[in-house]
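J.: Please see the structure below; I have some questions.
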Amino acid sequence: MDQEERLRLIQLLDSDGPIAEDLVSILQNNVVYFIPRIRSIQMLQKMVSSTFETKTWVNMDPLRLYEMGLGISSWKLEISEPFISLNDFYDIWDKCFMTTRNWTIPKLAILTGLLASKTKFMELQRSFFVDASGNIRRLYERWKAVYFSNVWCQFFRRHENSYETCKPLIVLYSTIASDNDVDLLRNISWDSVTLSLVRVITDYMQSTSQKHDPFLSKNLNFIANALQISLKRTSEQRIFHCICQLKRASMALCYRELQQTFPDASYSTKFYSDILITIVLTLRGSLEARTVLPGIWCSEILSCLYNLNFIALDFGTVGFYSYELIYQICISGITMTREISYYIAFLNFMKNEILMSKVQNKIHNSKILFLLSFLEKTVSMLPALDRGFITSLIDPVSVQYLNSNNKDIREAAHSVMLSLYTAEAHNTNLINWQSENFLNYLMISIDHFLNNSLEERQLLMIFDRICATLPRLQVMNNNILSQCLQMTYSKFLTINSCDSERKKVLLKCIIYQILYLQDNEICEWLDKCLELIKSSSLHPSQQDEVIASMWEMISLSKSDIAIQWWYTHKVQMDCKL
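Quick note on this note's numbering: the sequence shown kicks off at 391 and runs consecutively.
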């Protein structure tokens, strides 16, 4: 760009007349490209002053001006033009800030963009020591403390009740928010800051993955970070209000997606994953702001996670520490509180939401899966778990989904049933319920396996875990183990003689139960198993697998009679130990 073009650019910036919108964008791009590359101190002073003081930006989105300021400083740090040092470059901007007579939101936006380049500068400083004097770091700190904090607070107090004007201000703040802001941002309402930040999130959630705020789509993490800072200084009443706002927004998003006609849509894309991460981090910050967690807080937070489970399932939560943390804290809080009414109310809320959903799709299924996962995780912790509680609230839900066409839902329902039957009993009426119903559940599980609704590993896990409770259940019913063995044996006999794979699996189920027999019965069932192995037309590999399970059971039993039986029949079974 020659001298005439540079002067023309300055002339355009200094003009008071209107400039076409498309020309303003071109002008902005030229400024970002040109300023970092100027080689004359005098020309840089003129260009910086014209860029900062121009009236051209008065109607421009402040966030575009922020990006302009960030672009100018980032490019300067990137190319480090040797004709003008970094110190001189920053000093020229410093003089511009000191001498300006009237701060405006566009000027504040440009300053914020420059401040946002501090992270990049510090990386260069650590790697290449580009500022031996330490002057640039001090300028960053002074600009924020002297100019940004005073000007931003003034504008925020003036516009905090007008969201449309306040929104760019709160987003600008989020880009440079830090923990020491409490010392810089004086005489402002942190309640209002938090409310405005949450409003930005909920507004973004109302957009779609095809049409959303381009700035926030790249920088939603700034909002989450700023909330971690502001929530520490926000009243508990306002925090709870914000949690309720997030719950309503998540419900609206869930309902909107429920009505979509794309049953296999992916919700792991950036738009949805950013929403999930931002809300989870906000909820975590809300929890950390409280020392005692009321049941109603747990309920509202879990409602947010319930409504966003369609994203969580696609995005994944394993290793997502903040998600796992708030989920565990809230299910513990709502389950173990003395006010069990919150647990019941939340359970009924989920059930009613599912019942009212007339569309059977991915979103609908995600609600069912959250409900079942919640039950699985909480039933063992419930101090009020008894027959009445199970039969009225839990059992109807889990049984309903055992026959679902969806594999994930079936598995989740079985997990709930396992939790019910393996829960430590705090009263005799729970043990009674378990002993009266577990045989029926095992029959259902075998039937599911025989009709291909359960896999081998799943059925064996069910038998393994439930059979481990037999010693406790035998206190209420001495014949329970005998009944279980006879039922499994009867099911075995119904299997087609050619179906050696299913016979193998049910033989293993029988063997799992032998572990809990008394010594006077164990040899009888071992003999019966050996006879079934011989008569079932099992393949040699299947025979070896069953015999290996038999030895594993015998070694675990520590029964002298069982071990003696094993060695007596060892040669006959031709088993290599």
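Glycine is no exception: its CB is placed at the ideal position from the N, C-alpha and C atoms.
Rounded to the nearest angstrom, what separates Glu-395 and Ala-567 at their Cα positions?
T.: Straight-line Cα distance between these residues: approximately 38 Å.
J.: Count the other CB atoms within 10 Å of the CB of Phe-657; is the residue buried (16 or more) or exposed (fewer)?
T.: The identity of residue 657 in the sequence shown is Tyr, whereas the question assumes Phe. Counting Cβ neighbours within 10 Å, Tyr-657 comes out buried, since at least 16 surround it.
J.: Would you report the Cα separation of Pro-376 and Leu-643, rounded to the nearest angstrom?
T.: Missing from the structure shown is residue 376; the chain here goes from 391 to 967 and no further.
J.: Return yes when the Cβ of Ala-813 is within less than 8 Å of the Cβ of Ile-821, no when it is not.
T.: Not a contact, by the Cβ cut-off of 8 Å.
J.: Which one of Ile-701, Ile-633, Gly-685 has the shortest CA to CA distance from Gly-675?
T.: Ranking the options by Cα distance to Gly-675, first place goes to Ile-633.
J.: Please determine whether the Cβ atom of Glu-845 lies at a distance below 7 Å from any heavy atom of the ligand COA.
T.: The model on display carries no ligand, and the ligand COA is accordingly not part of it.
J.: Exposed or buried, which one is Tyr-423 when buried takes at least 16 other CB atoms within 10 Å?
T.: Tyr-423 comes out exposed.
J.: Could you tell me whether any Cβ in chain B is nearer than 8 Å to the Cβ of Lys-881?
T.: The structure shown contains no chain B, having only a single protein chain.
J.: Under a three-way DSSP split, which group does Cys-875 fall into?
T.: Sequence inspection shows Leu at residue 875; the Cys mentioned does not correspond to that position. Here Leu-875 sits in helix by DSSP.
J.: So what does DSSP say about Phe-652, is it helix, strand or coil?
T.: Residue state, collapsed to three classes: coil.
J.: Who are the Cβ neighbours of Gly-407 in its own chain at under 7 Å, not counting the five residues just before and after it?
T.: Around Gly-407: no qualifying Cβ.
J.: Just to confirm the assignment, what range does the alpha helix (DSSP H) spanning Asp-571 have?
T.: That run of the alpha helix (DSSP H) goes 571-574.
J.: Just verifying my parser: in three-state terms, what is the DSSP assignment at Trp-447?
T.: If DSSP states are grouped into helix, strand and coil, Trp-447 belongs with coil.
J.: Below 7 Å CB to CB, which residues in the same chain sit around Leu-529 once its five sequence neighbours on both sides are set aside?
T.: Contacts found: Tyr-480, Asp-484.
J.: Can you look up Glu-729 in the DSSP assignment and give me helix, strand or coil?
T.: In this structure, Glu-729 counts as coil in the three-state DSSP scheme.
J.: Work out the CA separation of Gln-650 and Tyr-811 for me, nearest whole Å.
T.: C-alpha separation (whole angstroms): 39 Å.
J.: Are the CB atoms of Ile-753 and Phe-700 nearer to each other than 8 Å?
T.: In contact: Ile-753 and Phe-700 (Cβ atoms closer than 8 Å).
J.: Tell me which residues share the same chain as Ser-788 and place their Cβ nearer than 6 Å to its Cβ, disregarding the 5 neighbours each side in the sequence.
T.: Ala-803, Val-806, Met-807, listed in sequence order.
J.: Would you check if there are 3 or more beta carbon pairs closer than 8 Å linking the segment 910-924 to the segment 943-955?
T.: Because the criterion of three Cβ pairs below 8 Å is met, the segment 910-924 and the segment 943-955 touch.
J.: Let me confirm a value: Met-943 is counted as buried when at least 16 other C-beta atoms fall within 10 Å, else exposed. Which label applies?
T.: Answer is buried; the Cβ neighbour count reaches 16.
J.: Taking C-beta to C-beta, are Phe-560 and Ser-597 nearer than 8 Å?
T.: Contrary to the premise, residue 560 reads as Ile rather than Phe in this sequence. No, these two residues do not count as a Cβ contact at 8 Å.
J.: What residue ranges within the segment 917-957 form continuous alpha helix (DSSP H) runs of no fewer than 4 residues, ordered along the chain?
T.: If we require 4 residues or more, the alpha helix (DSSP H) runs fully inside the segment 917-957 come out as 930-947.
J.: Considering only C-alpha positions, which residue in the set Asp-934, Lys-948, Leu-946, Leu-860 is nearest to Lys-960?
T.: The shortest C-alpha separation from Lys-960 is found at Asp-934.
J.: Glu-845 by DSSP, collapsed to three states: which one?
T.: Glu-845: coil per DSSP, three-state reduction.
J.: Decide yes or no for the touch test of the segment 544-556 against the segment 432-441: beta carbon pairs closer than 8 Å, at least 3 of them.
T.: No: the two stretches stay apart, fewer than three of their Cβ pairs being nearer than 8 Å.
J.: I need the straight-line Cα distance from Val-588 to Asn-577, nearest angstrom please.
T.: If you take the alpha carbons of Val-588 and Asn-577, they lie about 21 Å apart.
J.: Put Leu-692 into one of helix, strand or coil per three-state DSSP.
T.: DSSP places Leu-692 in helix when its eight states are reduced to three.
J.: Between the segment 718-726 and the segment 612-621, are three or more C-beta pairs nearer than 8 Å?
T.: The segment 718-726 is not in contact with the segment 612-621.
J.: Can you say whether Glu-846 is buried or exposed, counting buried as having 16 or more other CB atoms within 10 angstroms of its CB?
T.: Looking at its Cβ environment, which holds fewer than 16 other Cβ atoms inside 10 Å, Glu-846 is exposed.
J.: So, does the segment 705-714 touch the segment 677-685, judging by three or more C-beta pairs under 8 Å?
T.: No, the segment 705-714 does not touch the segment 677-685.
J.: Residues in its own chain within less than 8 Å of Ile-885 by CB, not counting five upstream and five downstream?
T.: Contacts found: Leu-840, Arg-892, Lys-893, Leu-896.
J.: Between Tyr-957, Asn-420, Leu-666, which lies nearest to Phe-710 when the distance is taken from Cα to Cα?
T.: It is Leu-666 whose Cα lies nearest to the Cα of Phe-710.
J.: If you drop the 5 nearest sequence neighbours on each side, which residues of the same chain put their C-beta closer than 6 Å to that of Gln-418?
T.: The residues are Met-458.
J.: Can you give me the C-alpha to C-alpha distance between Ile-526 and Leu-460, rounded to a whole angstrom?
T.: When rounded, the distance between both Cα atoms is 15 Å.
J.: Looking only at its own chain, which residues have a Cβ that is under 6 Å from the Cβ of Ile-852, when we skip the five neighbours before and after it?
T.: The answer, listed in chain order, is Ser-835.
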